[in-house]
Amino acid sequence: MLEIPREILDAAIAQAQEGFPLEVCGLMGGTVKRVASRYPMTNTDASNEHFMMDPKEQFAAVKAMRAAGEDMLVIYHSHPESPARPSQEDIRLALTPNVCHLIISLENREEPVARAFRITAGVVEAVAIEIM
């Protein structure tokens with residue numbers, strides 16, 4: 001179970017809509033299973049099929065999370081034209097342990113879909129989201 005405040009999820013969805021047709025990405029911090037903060041990142045690949053976070057932004061976000069007593073709980077990104085499920089590339093590049101991967105699908109732009117997953121050694125497990 002992953003608890004995400006409505007305003008944080010809405011902000012991530014808005015970022016995905018604003019970045020369309022490219023993938024957007026970011027991090028979310030919090031404690032245990034409750035998200036408390038969001039850190040939008042620049043997709044340095046500027047692609048609609050994959051993303052790469054700006055390393056300086058990542059470092060600053062992790063530093064801010066630590067200062068706030070938070071852990072990195074979520075790595076999120078959008079799928080502008082495909083479903084909210086990990087692609088083969090998402091699975092291959094899921095190397096950060098103990099985080100959820102939140103995927104926001106804009107396949108239907110009027111009804112975005114957000115789903116969370118744990119990806120460990122190539123194994124994908126769905127994670128329930130509770131919107132707070």
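In full-length UniProt numbering, the protein residues as written are 1 to 132. The C-beta atom is built at its ideal place from N, Cα and C for all residues, glycine as well.
Residue from the options whose Cα sits closest to the Cα of residue i
i	options	result
Gly-29	Ile-13, Ala-60, Pro-83, Glu-110	Ala-60
Ala-94	Arg-109, Ser-37, Val-124	Val-124
Thr-42	His-101, Ala-12, Glu-89, Pro-83	Ala-12
Met-52	Ser-78, Leu-73, Ala-116	Ser-78
Glu-7	Met-72, Arg-85, Arg-38	Arg-38
Met-65	Arg-109, Ala-14, Leu-27, Phe-117	Leu-27
Tyr-76	Gln-17, Pro-5, Val-24, Met-1	Val-24
Cβ neighbours of residue i in the same chain (closer than 7 Å, five flanking residues each side left out)
i	result
Glu-3	Lys-33, Arg-34, Val-35, Glu-130, Met-132
Contact belief for residue i with residue j at Cβ below 8 Å, rounded distance in angstroms
i	j	result
Glu-107	Ser-82	6 Å
Ser-105	Ala-128	So it is not a contact: roughly 17 Å between Cβ atoms.
Arg-109	Gln-17	7 Å
With 16 other Cβ atoms within 10 Å as the buried cut-off, status of residue i
i	result
Pro-55	exposed
Met-72	buried
Pro-80	buried
Taking one C-beta from the segment 53-67 and one from the segment 91-109 each time, how about it: are there three or more such pairs within less than 8 Å? no
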